[in-house]
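Q:
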Amino acid sequence: MKRMEGGFSVPTTFRTGYNYARMGYGFVMEAAMPPLYARHVHEEIRDTPIIDEGALPVFGNNWFVMEYLKNGEVENTAAYIAWLLRMTRGFGIKNVNPGGTEAWGWGLNCPTVNDPVPYFDITPAEIIRGLIEANEFLGLPHCMHVHGNSLGEPGNYTVTLDTLKQAEGFSPKGSFGRDQVLHHTHLQFHSYGGDSYASKSFESKSKEIMDYVNSVDNITFDMGCVTLDETTTMTADGPFEHHLTELNHLKWANTDVELETAAGVVPYVYNPKTFIAGAQWAIGIELALFAKDMMKVFVTTDHPNAGPFTRYPRVIKWLMSRKARDDVLDNVLKYGDTVRDRCFIGEIDRELSLYEIAMMTRAGPAKALGLGHMFGSLKPGLEGDVVVYPFNPETDDDPEKIEQAFSNCSFLVKSGQLVIDKGEIISNGTKRTLWVDAKVNENPQVMRDVEQKFLKYYSVNLGNYEVTGHHFVPNPYVIEVDATQ
571 MKRMEGGFSV PTTFRTGYNY ARMGYGFVME AAMPPLYARH VHEEIRDTPI
621 IDEGALPVFG NNWFVMEYLK NGEVENTAAY IAWLLRMTRG FGIKNVNPGG
671 TEAWGWGLNC PTVNDPVPYF DITPAEIIRG LIEANEFLGL PHCMHVHGNS
721 LGEPGNYTVT LDTLKQAEGF SPKGSFGRDQ VLHHTHLQFH SYGGDSYASK
771 SFESKSKEIM DYVNSVDNIT FDMGCVTLDE TTTMTADGPF EHHLTELNHL
821 KWANTDVELE TAAGVVPYVY NPKTFIAGAQ WAIGIELALF AKDMMKVFVT
871 TDHPNAGPFT RYPRVIKWLM SRKARDDVLD NVLKYGDTVR DRCFIGEIDR
921 ELSLYEIAMM TRAGPAKALG LGHMFGSLKP GLEGDVVVYP FNPETDDDPE
971 KIEQAFSNCS FLVKSGQLVI DKGEIISNGT KRTLWVDAKV NENPQVMRDV
1021 EQKFLKYYSV NLGNYEVTGH HFVPNPYVIE VDATQ
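So this is what it looks like as structure tokens:
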């Protein structure tokens, strides 16, 4: 039975599942779950049809994490992370504006990785490195997944390079086959030069960023490509959302999530008649086109912040066709010539192949998430997820056919079951929720700390915190990790 659909930048759960399936995807990762609200997150996941899902709880502004890392207690940090993953049925470690979101509780921020977090005597750099170390101590499937400081700020590329360099000296542990220890999300928002949006200094620094990323083996990233749409920004980066509402003067919602994180929501229009929106569009595309290893870069729109995920086919079109990119520069952007001047997009002839798109959307993400044993290839023993598109790269060179084909697949087989037949959804499949159960040695100190802080600070008790039972996660797929050795 197919349900009613609605929404564009913030679609209903039903439309979300249907649209991912129509585009040929069978697994999606929710990349920022506030632990206190994990039950609600899983209720939405449960109601999203067809696609398998997982969720990354946020840790980068968590009081437990900051206190343990300040004291150099990596083993306690790892034990707490393992406990929280179990409580929230989470998949891995997300780190949003490390330290900066906690600072926002005092009306402050941490613009660089070396700024101290108020009242915690720790820096974002120490949080990033500490969470990498704790992640590898546990040997989790996915690496530490970071949304860096100073998102969206002109000149922030130096902060981004400082963030990426925190991964130096670390190598992946565990048995899940990934190469990276740090994944930087929506890198487009972190690759800006200049000193303000208003000045003529704003420019692309994608080449400087990619020169570093291409030189190392332990980092992956996703694009966060701007799609030139009206959308709704929402993020656990509280201070950024306040800054955004001061820029565009549109509605702003803000909330604090107790000892864990904060969030904001602001609508935003990426107007192609402005230079900044055009430059942001170019920077996202450039990052992918400068990449030497397509297993390290993944297609995203930071849904819905840079645009809705339903624009993936359009992003793929831009990556595969210089003609499509030139059309945007010449006919869509008002300041296309200025974008050519201050960005690299006009100089790049490269057009990605269908094989490279498969790496960016299937094989690469599966490997980076530690799910290469389930997804991302056609090897015997994998999940049997296969998509057929009405597109032949040998004969079809029309950019519009690329977008049309990747918007509506002809056939989708998920876990061996036919879900889309001749472009029509015929089954809701058997969706699963993937989560990681990391076994650690008994740690009485961490459990004592948890019990005391819940009594002293939390608005709920421990009995009402855990995601439990068939109601929240009706069809779990548990990935077990043994970190007791």
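When the letters of the sequence shown are read in order and numbered with this note's numbering, they come out as residues 571 to 1055.
Ideal Cβ placement from N, Cα and C applies to all residues, glycine included.
#1: Distance, Cα to Cα, residue 713 vs residue 942?
#2: Using the rule of at least 16 other Cβ atoms within 10 Å of the residue's Cβ for burial, across every protein chain shown, is residue 766 buried or exposed?
#3: Who are the Cβ neighbours of residue 639 in its own chain at under 7 angstroms, not counting the five residues just before and after it?
#4: From the DSSP output, which residues share a beta bridge with residue 763?
#5: In the segment 597-653, which residue ranges form an unbroken beta strand (DSSP E) of at least 3 residues, counting only runs that do not cross its ends?
#6: Just mark residue 676 as buried or exposed, buried being the case when its beta carbon has 16 or more other beta carbons within 10 Å.
#7: Can you tell me whether residue 925 is helix, strand or coil according to DSSP?
#8: On a CA-only basis, which of 886, 857 and 799 is nearest residue 843? Give me that one, please.
#9: Report the three-state DSSP secondary structure of residue 798 (helix, strand or coil).
#10: Is any non-hydrogen atom of the ligand GTP found closer than 7 angstroms to the C-beta of residue 1016, if you look at the structure I gave you?
#11: Taking 8 angstroms as the cut-off, decide whether the C-beta atoms of residue 807 and residue 734 are in contact.
#12: To the nearest angstrom, how far is it from the Cα of residue 589 to the Cα of residue 961?
#13: Give the DSSP-derived three-state secondary structure of residue 824 in the structure shown.
#14: Identify, in the order they occur along the chain, each residue of the same chain with its Cβ nearer than 8 angstroms to the Cβ of residue 1093, setting aside the five sequence neighbours on each side.
#15: Kindly indicate the opening and closing residues of the beta strand (DSSP E) around residue 981.
#16: Decide if residue 576 is buried, meaning its Cβ has at least 16 other Cβ atoms within 10 Å, or exposed.
#17: From what residue to what residue does the beta strand (DSSP E) around residue 1046 run?
#18: Flag this pair as touching only if the segment 883-899 and the segment 961-976 have three or more C-beta atom pairs under 8 angstroms; answer yes or no.
#19: Is it true that the CB of residue 809 sits closer than 8 angstroms to the CB of residue 670?
#20: Tell me, which residues are paired with residue 664 by DSSP?
#21: Would you decide whether residue 1016 is buried or exposed? Buried here means 16 or more other CB atoms lie within 10 Å of its CB.
#22: Residue 753 to residue 791, Cα distance in whole Å?
#23: Over the uninterrupted beta strand (DSSP E) stretch that includes residue 991, give me the two end residues.
#24: Where does residue 994 sit, in a helix, a strand or coil, going by DSSP?
#25: Exposed or buried, what is residue 708 when buried is set at 16 or more other beta-carbons lying within 10 Å of its beta-carbon?
#26: Quick one: what does DSSP say residue 1041 is sitting in, helix, strand or coil?
#27: From the DSSP output, in three-state form, read off residue 1000 for me.
#28: For residue 829 versus residue 1005, is the C-beta spacing smaller than 8 angstroms?
#29: Would you decide whether residue 1055 is buried or exposed? Buried here means 16 or more other CB atoms lie within 10 Å of its CB.
#30: Taking only three categories from DSSP, how would you classify residue 755?
#31: Taking the CB atoms as reference points, tell me whether residue 1042 and residue 609 lie closer together than 8 angstroms.
#32: Nearest-angstrom Cα distance between residue 825 and residue 925?
#33: Out of 780, 921, 762 and 667, point me to the one whose CA is closest to residue 850's CA.
#34: What separation, rounded to the nearest whole angstrom, lies between the Cα atoms of residue 679 and residue 904?
#35: Put residue 768 into one of helix, strand or coil per three-state DSSP.
#36: Just to confirm, is the Cβ distance from residue 660 to residue 1003 under 8 angstroms?
A: In terms of the structure at hand:
#1: 14 angstroms
#2: exposed
#3: 647, 692, 696, 697 and 700
#4: 773
#5: 597-603 and 622-627
#6: exposed
#7: helix
#8: 799
#9: coil
#10: The model on display carries no ligand, and the ligand GTP is accordingly not part of it.
#11: no
#12: 18 angstroms
#13: strand
#14: It is not possible to answer for residue 1093, since the shown part of the chain is limited to 571 through 1055.
#15: 981-984
#16: exposed
#17: 1046-1052
#18: yes
#19: yes
#20: 628 and 715
#21: buried
#22: 5 angstroms
#23: 987-991
#24: strand
#25: buried
#26: helix
#27: coil
#28: no
#29: exposed
#30: coil
#31: yes
#32: 43 angstroms
#33: 762
#34: 34 angstroms
#35: coil
#36: no
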